[in-house]
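Residue numbers (the working numbering): 3 to 226.
This is the structure we're talking about:
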């Protein structure tokens, strides 16, 4: 079940950002790496269809350093949720599947050894996270994969996409057309420049606040 812990606890401004109009979700935003100081690194995939496969394969969005097929599976997002389609041996919660909806907290196994956990942490966002439960990683090496719909919520509560326990407030990355923006609870800096409330980012931006820091990095074009 999706947690409802964040409902009724956030400001109206927060909820307006979380419920971005789907028409504002651009189609040409590229993958990027998100490095969060003191927390970890994530591969962010802002696509409605995400292709998972072996590192080095063509047209793969999530390249895995693992013994999986070149194009092993796809995860598709629509207005209701997520759907899995596999092209090589795949199990969902222990059952072999070729096509299946993906419920929250389901266990995804690709091939004999790769195991991930699919998590939708908050009901106010369609974005989701894939956590590694096996010892495998993406290339470049990250701690997990963020399937970004309209926004990513980072912060100290459980109802976020990435939990940052030592932060005082949430930080939200959100899409505005094909642009990426950041919103925080107060003053922060983007690439050394002071910002109030919200600011546009690039895929090389450094974002710093009183108790947080995060950095974006482009995925090298030859990877995946």
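We put the beta carbon where it would ideally sit given N, CA and C, even for glycine.
Quick caveat: nothing in here was measured; it's all calculated off a predicted structure.
Looking at the DSSP output, residue 136 sits in no beta bridge, so it has no partner there. Inter-residue distance for residue 174 and residue 113 is about 34 Å (C-alpha atoms, whole angstroms). Boundaries of the beta strand (DSSP E) around residue 148: 146 to 149. From the listed residues 130, 103, 197, 134, the smallest Cα separation to residue 116 is found for 134. For residue 161 against residue 128, the beta-carbon gap comes to about 14 Å, at or over 8 Å, which does not count as contact.
Spatial neighbours of residue 104 in its own chain (CB-CB distance under 6 Å, excluding positions within 5 residues in sequence) are listed in chain order as 84, 86, 120. Assigned with DSSP and collapsed to three states, residue 61 falls in coil, not helix or strand.
In this chain, the beta strand (DSSP E) harbouring residue 44 covers 42 to 47. Counting only residues of its own chain and dropping the five nearest sequence neighbours on each side, residue 38 has a CB closer than 6 Å to the CB of 216. Counting only the Cα atoms, residue 184 lies some 19 Å from residue 221. Between residue 205 and residue 182, the CB-CB gap stays under 9 Å.
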